[in-house]
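Sequence lines, in order, name chains A and B. The numbering of the first sequence is this note's numbering, which starts it at 365 and goes up by one. The numbering of the second sequence is this note's numbering, which starts it at 3 and goes up by one. Where is the CB? At the ideal position from N, CA and C, for every residue including glycine. Here is the structure we will look at, set down as structure tokens.
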Amino acid sequence: MTAVIDLEHQHIWAWLEEVKDPEVPVLSIIDLGVVRRVEAEEKKVEVTITPTYSGCPAMKVIEDDIIALLEEKGMEEVTVKTVLSPAWTTDWLSENGKQKLKAYGIAPPVGSVDKSALFAEPKNIQCPQCNSYNTQMVSQFGSTACKALYKCNQCLEPFDYFKCL
Amino acid sequence: MEQQAALFNYCLRLGDTNLVMGHRLSEWCGHGPVLEEDIALINVALDLIGQSRTILSYAGEVEGKGRSEDDLAYLRTEREYHNILLAEQPNGDFGGTIVRQFLFDVFHYYFLEALTASADETLAAYAAKSLKEVTYHLRHSSEWVIRLGDGTEESHQRVQEPLNELWRYTGEMFAMNEVDEVLVAAGIGVDLAALQPKWEGRVNAVLAEATLQCPESGWMAQGGKLEGRHTEHLGFMLAEMQYLPRTYPDAQW
């Protein structure tokens, strides 16, 4: 399920492209798929977002950024609502977003959510630097909640992988 | 017992367990045995504290007395905390922390899996969201239990000993009282007795792979979750955690 961008509030959705993920600044919150709904009536706007991870500290920043941006665009009463259901998944990351991630040096998520909780074989992840598939996972947990740490056996560079959720 | 009171207590159990566990893990920040594990433990802590925020906020709504997540976290005493005793046990060394985490992660995983079917929409949404995160926690702690248990003589001993020590706290995870009865009957809560065989199955499989000996089940310590009676360790943790908001009640970031 992806958010349906309604024509009526298209201009607001376009504005929201300007709000970036503070931890991965090449991605907009639209690319990330965290904006679920926009409702507006004249200068009153309600934006519904969903967190990527429960403890993601970026959510508060994103909320503040949305309010600041829409006020700058002339909206007067801006509220941001957070919903947990349906739970965010990396499947909502846009194609455009995946390409931006790779160009930024972060390997985009591969396939869909891995259901096997135990002894899962790490997937073959492509190095965003040299494109080799000869890579290995160093840790399931990286610099932020959404990333795992990998290294490339070909070019020997470490890199982040945006893990499936 | 009224459903609302039961639900409030139920939320405190979940929120407090995650908060206390998350706080314990956060004590590793800057002290991990290797950088990757320092980061991993803190990532898990962040997930647990984030989940706790969601559920304590909801507890405040259910209670209806205007208490926020912060009020509940920072302004309740030890006896008002309903976390399981396992969560508050000190970290020990890395092996001890991993064992404590593993015993909890297996429970947490099956618990959340069952809670996704809750008739309470907020709890069901919370469970679906958290389950995705806990899947990673469980994989992480399971792999380490196996790596350490089936490692060297020294690493084996460093997980077998805490396993023997912490085993007495595992029974409390499945303990139930009238709060559970009311909520299970309403389709909101999880029948914990039904989870126990699943928990045992998974724990035994990992311990076998890790060449570790499963301790014999005997007397089980409990009292935290159902009654707010804790081991000596929780008070010290809360004293540290609550010092700032209690000393400077209007402190802001």
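Let's see if you can read the secondary structure: which residues bound the alpha helix (DSSP H) around residue i?
i                : result
Arg400 (chain A) : Unbroken run through Arg400 (chain A) is the beta strand (DSSP E), 399-405; no alpha helix (DSSP H).
Ser143 (chain B) : 123-151
Tyr514 (chain A) : Looking at the DSSP string, Tyr514 (chain A) is not in any alpha helix (DSSP H); the run it does join, the beta strand (DSSP E), is 511-516.
Trp537 (chain A) : Residue 537 (chain A) cannot be examined here, being either before or after the span of chain A that is shown, 365 to 529.
Trp232 (chain B) : Rather than Trp, the amino acid found at residue 232 (chain B) in this sequence is His. Note, His232 (chain B): premise wrong, no alpha helix (DSSP H); not H, not E.
Lys200 (chain B) : 194-211
Leu396 (chain A) : 393-396
Tyr76 (chain B)  : 71-76
Where does residue i sit, in a helix, a strand or coil, going by DSSP?
i                : result
Leu448 (chain A) : coil
Ala481 (chain A) : Because the pLDDT at Ala481 (chain A) is just 47, under 50, the model does not fix this residue reliably, and the point stays unresolved.
Gln500 (chain A) : strand
Val46 (chain B)  : helix
Cys13 (chain B)  : helix
Asp428 (chain A) : helix
Glu163 (chain B) : helix
Ile86 (chain B)  : coil
Ala471 (chain A) : strand
Glu29 (chain B)  : coil
Thr454 (chain A) : helix
Thr443 (chain A) : strand
Thr99 (chain B)  : helix
Trp255 (chain B) : coil
Asp18 (chain B)  : helix
Lys464 (chain A) : helix
Ala7 (chain B)   : helix
Thr416 (chain A) : coil
Ile244 (chain B) : According to the sequence as given, residue 244 (chain B) is Gln; it is not Ile. It is helical.
Ala188 (chain B) : coil
Anything in chain A within Cβ reach of residue i, meaning under 7 Å, just list it in chain order.
i                : result
Asp49 (chain B)  : Tyr417, Ser418, Gly419, Ala509
Arg138 (chain B) : The sequence as given places Tyr at residue 138 (chain B); Arg does not occur at that position. Under the 7 Å cutoff, chain A gives Gln504.
Answer with yes or no whether the minimum CB distance from residue i to chain B is below 9 Å.
i                : result
Thr453 (chain A) : yes
Pro450 (chain A) : yes
Asp398 (chain A) : In the sequence as displayed, the identity of residue 398 (chain A) is Val instead of Asp. Not an interface residue.
Val388 (chain A) : no
Val447 (chain A) : yes
Phe526 (chain A) : no
In terms of residue numbering, what span does the beta strand (DSSP E) encompassing residue i cover?
i                : result
Asp524 (chain A) : 522-526
Tyr487 (chain A) : Per the sequence shown, residue 487 (chain A) should be read as Lys rather than Tyr. Taken as a continuous stretch (DSSP letters only), Lys487 (chain A) belongs to no beta strand (DSSP E), as it is neither H nor E.
Cys413 (chain A) : A small correction: the amino acid at residue 413 (chain A) is Ile; Cys does not occupy that position in the sequence shown. First-last of the beta strand (DSSP E) with Ile413 (chain A): 408-413.
Val36 (chain B)  : Unbroken run through Val36 (chain B): none, as it is neither H nor E.
Pro386 (chain A) : Run containing Pro386 (chain A): none; DSSP gives neither H nor E here.
Under 9 Å Cβ-Cβ, which residues of chain A neighbour residue i?
i               : result
Ile41 (chain B) : Ser503, Phe505, Gly506, Ser507, Leu513
Asn85 (chain B) : Those within 9 Å of Asn85 (chain B) in chain A number zero; the least Cβ separation is about 17 Å.
Listing by chain order, which chain B residues have their CB less than 7 Å from the CB of residue i?
i                : result
Leu529 (chain A) : Lys134
Leu380 (chain A) : None at all; the shortest Cβ gap to chain B is about 22 Å.
Is there at least one Cβ from chain A nearer than 9 Å to residue i's Cβ?
i                : result
Asn206 (chain B) : no
His142 (chain B) : yes
Lys131 (chain B) : yes
Glu155 (chain B) : no
Glu38 (chain B)  : yes
Glu71 (chain B)  : no
Glu202 (chain B) : no
Tyr128 (chain B) : yes
Thr19 (chain B)  : no
Thr124 (chain B) : yes
Tell me, to the nearest whole angstrom, how far the beta carbon of residue i is from that of residue j; I am working on the premise that it is less than 8 Å.
i                : j                : result
Leu58 (chain B)  : Met23 (chain B)  : That pair is no contact at about 14 Å.
Leu87 (chain B)  : Tyr12 (chain B)  : Not a contact, Cβ separation roughly 18 Å.
Ser507 (chain A) : Asp524 (chain A) : 7 Å
Leu168 (chain B) : Arg102 (chain B) : 6 Å
Cys528 (chain A) : Gly475 (chain A) : 7 Å
Lys464 (chain A) : Asp385 (chain A) : Between Asp385 (chain A) and Lys464 (chain A) the Cβ distance is about 11 Å, and since that is not below 8 Å, they are no contact.
Can you pull the chain A residues whose beta carbon is under 8 Å from the beta carbon of residue i, in chain order?
i               : result
Arg53 (chain B) : According to the sequence provided, residue 53 (chain B) is Gln. The question's Arg does not apply to it. Chain A residues near Gln53 (chain B): Ser418, Gly419.
Thr56 (chain B) : Ser418, Leu448
Under 7 Å Cβ-Cβ, which residues of chain D neighbour residue i?
i               : result
Asn45 (chain B) : The structure shown contains no chain D; its protein chains are A and B.
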